[in-house]
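Below: one structure, written as structure tokens.
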Amino acid sequence: MEFADTLTDEAPEAVIAAEAVPRYYRIYEEKFDLQVRRPVTVSVVCDREPRFRIEAGDVVVSARGVINATGTWEKPFIPRYPGAETFQGRQLHTKDYTTPDEFAGKHVIVVGGGISAVQQLDEISQVTSTTWVTRREPVFRDADFGPDAGRAAVAMVEERVRAGLPPGSVVSVTGLLLTDRLKAARERGVLERRPMFSSIVSDGVRWEDGSFVRADVILWATGFRSALDHLAPLRLRGHGGGIVMDGRLATRVAADHRVHLLGYGPSASTIGANRAGRAAVSELLETLG
57 MEFADTLTDE APEAVIAAEA VPRYYRIYEE KFDLQVRRPV TVSVVCDREP
107 RFRIEAGDVV VSARGVINAT GTWEKPFIPR YPGAETFQGR QLHTKDYTTP
157 DEFAGKHVIV VGGGISAVQQ LDEISQVTST TWVTRREPVF RDADFGPDAG
207 RAAVAMVEER VRAGLPPGSV VSVTGLLLTD RLKAARERGV LERRPMFSSI
257 VSDGVRWEDG SFVRADVILW ATGFRSALDH LAPLRLRGHG GGIVMDGRLA
307 TRVAADHRVH LLGYGPSAST IGANRAGRAA VSELLETLG
């Protein structure tokens with residue numbers, strides 16, 4: 057079932073993704089009579105050979121295989137910096153960002169070099185003063201994100217997870233597209249970044265050279281990590297800090313072919329997860345026989 061099939065003739069040309077995507081999933085579930093239970097929070101998955109024991113509150117499920125698709129949204133990442141607990145202003149993650157208007161009249165430090173960071177930096181800078189801080193020098197590109205760049209990004213992430221390394225940042229391969237809005241932001245001086253500070257103090261941040269920037273807000277646009285805490289009893293992580301993956305589209309855990317991870321590594325995008333989902337189901341059925 058195609059996404060376009062779920063749109064009505066009266067639907068506006070530009071449909072808000074936050075509304076359209078959940079609607080598509082709802083219609084998909086109804087069309088194929090999928091028995092989706094919600095809300096359910098799985099707390100732990102244990103190996104009870106030859107099956108898995110899956111605990112979700114008062115509900116316990118026994119399963120021969122697991123396809124985990126928890127993604128990253130519930131695991132926002134904020135790095136640790138000395139003095140963070142002494143900061144008297146507000147600290148928030150990009151997950152909690154809603155509107156730039158709430159920061160009017162406050163100096164905001166935006167930390168991060170990804171797409172969300174520059175988009176939110178641009179928005180906030182139009183209502184108040186900002187400072188942009190990143191670990192690495194951002195790489196901007198003028199050309200559109202083409203198929204070759206897309207394949208290179210996916211290949212990089214796939215290579216890492218097959219080697220048991222953490223997935224890593226796709227932006228490090230693709231760079232940041234310099235849109236018209238970002239060009240305007242650059243002309244306003246908003247994209248003049250500073251390297252990472254060394255510590256946080258009560259009213260701002262400080263660098264090793266002694267320089268200081270006062271701050272009312274620190275916005276951590278520092279990405280997410282895979283939400284896999286409930287799989288901890290399976291001891292899937294290796295010495296490289298990640299999980300060694302194999303299979304046709306790198307969804308299968310090499311150490312246990314009964315477990316597939318969707319939204320981990322190259323299947324982290326909606327399109328990637330769609331293809332990877334089909335491959336995972338096919339391979340799991342082959343494993344279980």
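For the sequence shown, the working numbering gives the first residue as 57, with consecutive numbering after it.
Built from N, CA and C at the ideal position, the CB exists for glycine as well.
For residue 264, the three-state DSSP class (helix, strand or coil): Correct three-state label for residue 264: coil.
Proximal residues to residue 213 (C-beta, below 7 Å), its chain only, five neighbours per side dropped: Correct list, in chain order: 223, 224, 226, 321 and 322.
Does the Cβ of residue 316 have 16 or more other Cβ atoms within 10 Å, making it buried, or fewer, making it exposed? So residue 316 ends up on the buried side.
At what residue ranges does the stretch 118-147 contain a whole run of the beta strand (DSSP E), taking only runs of 3 or more? Taken in chain order, the whole beta strand (DSSP E) runs of length 3 or more contained in the stretch 118-147 are 122-124.
Is it buried or exposed, residue 108, if we count other Cβ atoms within 10 angstroms and call 16 or more buried? Flag for residue 108 reads buried.
Using three-state DSSP, classify residue 277 as helix, strand or coil. In the structure shown, residue 277 sits in coil (DSSP, three-state: anything other than H, G, I, E or B).
First and last residue of the uninterrupted alpha helix (DSSP H) at residue 230: Counting along the chain, the alpha helix (DSSP H) containing residue 230 begins and ends at 227-230.
Opening and closing residue of the alpha helix (DSSP H) in which residue 318 lies: Per DSSP, residue 318 belongs to no alpha helix (DSSP H) and is neither H nor E.
Residue 75 to residue 81 span [Cα, whole Å]: Distance between the alpha carbons of residue 75 and residue 81: 11 Å.
Residue 88 and residue 281 closer than 8 Å at C-beta: It is not a contact, given that the beta carbons lie outside the stated cut-off.
One or two residues paired with residue 255 in a DSSP bridge: Its beta-bridge partners are 262.
Would you say the stretch 231-243 touches the stretch 119-138, given that touching needs at least three Cβ pairs under 8 Å? The stretch 231-243 makes no contact with the stretch 119-138, as fewer than three CB pairs between them are under 8 Å.
Considering only C-alpha positions, which residue in the set 247, 220, 272 and 267 is nearest to residue 35? The structure shown does not extend to residue 35, since the chain is modelled only from 57 to 345, so the question has no answer here.
Report yes if the C-beta distance between residue 335 and residue 314 is below 8 Å; otherwise report no. The criterion of a C-beta distance shorter than 8 Å is not satisfied by residue 335 and residue 314.
Residue 278 and residue 135 closer than 8 Å at C-beta: Yes, the pair counts as a contact, with Cβ atoms nearer than the cut-off.
Rounded separation between residue 325 and residue 230 - CA only: Taking the straight line from one Cα to the other gives about 14 Å.
Counted within 10 angstroms of its Cβ, other Cβ atoms place residue 168 as buried (16 or more) or exposed: So residue 168 counts as buried.
Answer yes or no: do residue 290 and residue 123 have a C-beta to C-beta separation smaller than 8 Å? Going by C-beta atoms, residue 290 is not nearer than 8 Å to residue 123.
Rounded to the nearest angstrom, how far is the Cβ of residue 269 from that of residue 261, given a contact under 8 Å? Contact check for residue 269 and residue 261: beta-carbon distance about 6 Å, within the 8 Å limit, so the pair qualifies.
Please confirm if the stretch 192-202 is in contact with the stretch 142-160, defined as three or more CB-CB distances below 8 Å between the two stretches. Short answer: they don't touch.
Identify the residues that DSSP records as bridge partners of residue 301: which are they? As DSSP reads the structure, residue 301 sits in a beta bridge with 309.
Quick one: what's residue 52 bridged to in DSSP? In this structure the chain extends from 57 to 345, so residue 52 is not present and cannot be described.
Quick check on this structure: which residue in 182, 121, 114 and 78 has the alpha carbon closest to the alpha carbon of residue 338? Nearest to residue 338 by C-alpha distance, out of 182, 121, 114 and 78, is 121.
Just to confirm before moving on: does the CB-CB distance between residue 166 and residue 186 stay below 8 Å? Their beta carbons are under 8 Å apart, which means residue 166 touches residue 186 by this criterion.
Among 274, 150, 182 and 96, the one whose alpha carbon lies nearest that of residue 241: Closest option to residue 241, Cα to Cα, is 182.
Contact check, residue 162 vs residue 273, beta carbons under 8 Å: Cβ atoms of residue 162 and residue 273: closer than 8 Å.
Residue 286 and residue 98: beta carbons closer than 8 Å? Yes, the pair counts as a contact, with Cβ atoms nearer than the cut-off.
Using the Cβ count rule (16 or more neighbours within 10 Å means buried), how would you classify residue 296? The Cβ neighbour count for residue 296, taken over all protein chains shown within 10 Å, is under 16; the residue is labelled exposed.
Buried or exposed for residue 154, going by 16 or more other Cβ atoms inside 10 Å? With fewer than 16 neighbouring CB atoms inside 10 Å of its own CB, residue 154 falls in the exposed class.
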